[in-house]
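Reading the sequence shown from the start, the letters are residues 712 to 816 in our numbering.
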Amino acid sequence: MHQPAAQEPVEISVLKGSREACYKARDRFFACIQSSGLEYTSEVTVPSRCSRTRRAYEDACRNSWVHHFDLLKDKETKHYQRLALVKQLKEKAAAKAAAEGKSAE
Numbered sequence: 712m713h714q715p716a717a718q719e720p721v722e723i724s725v726l727k728g729s730r731e732a733c734y735k736a737r738d739r740f741f742a743c744i745q746s747s748g749l750e751y752t753s754e755v756t757v758p759s760r761c762s763r764t765r766r767a768y769e770d771a772c773r774n775s776w777v778h779h780f781d782l783l784k785d786k787e788t789k790h791y792q793r794l795a796l797v798k799q800l801k802e803k804a805a806a807k808a809a810a811e812g813k814s815a816e
């Protein structure tokens, strides 16, 4: 029967350093998207000026992390877009009600 190879312990500082590098690359990528006047969603096309930061992000992070962070950012962006739409609809409804109240007087 095949015995699995013993894994050497990984230094905690190496893992921490990798995580920090990933977070920094992720933050730089999302900052680039935002500075381009866009909000990140899964449908957004990455501007050419951010393609280098995207590659650095993908190189610094595990694929599963990139996928996870992209989904989180997508959900966050869509949540704030929905909140803005609800606020806009409430303001329209309030303005309409105020206008109807004035015309009834």
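Where is the CB? At the ideal position from N, CA and C, for every residue including glycine.
Small disclaimer: the values here were computed from a predicted structure and weren't measured.
- Contact between the stretch 773–788 and the stretch 743–755 is present: three or more C-beta pairs spanning the two stretches fall below 8 Å.
- For S747, there is no enclosing alpha helix (DSSP H), as DSSP marks it with neither H nor E.
- Between R737 and C761, the gap from beta carbon to beta carbon reaches 8 Å or more.
- As the crow flies, the alpha-carbon of R739 is around 9 Å from that of A767.
- Under the rule that a run must span 4 or more residues, the alpha helix (DSSP H) segments found entirely inside the stretch 724–808 read 762–771.
- Non-local C-beta neighbours of Q792 in its own chain, meaning closer than 7 Å and more than five positions away in sequence, are absent.
- By the CB criterion at 8 Å, V777 and E787 fall outside the cutoff.
- At a Cβ-Cβ threshold of 8 Å, T764 and C743 count as neighbours.
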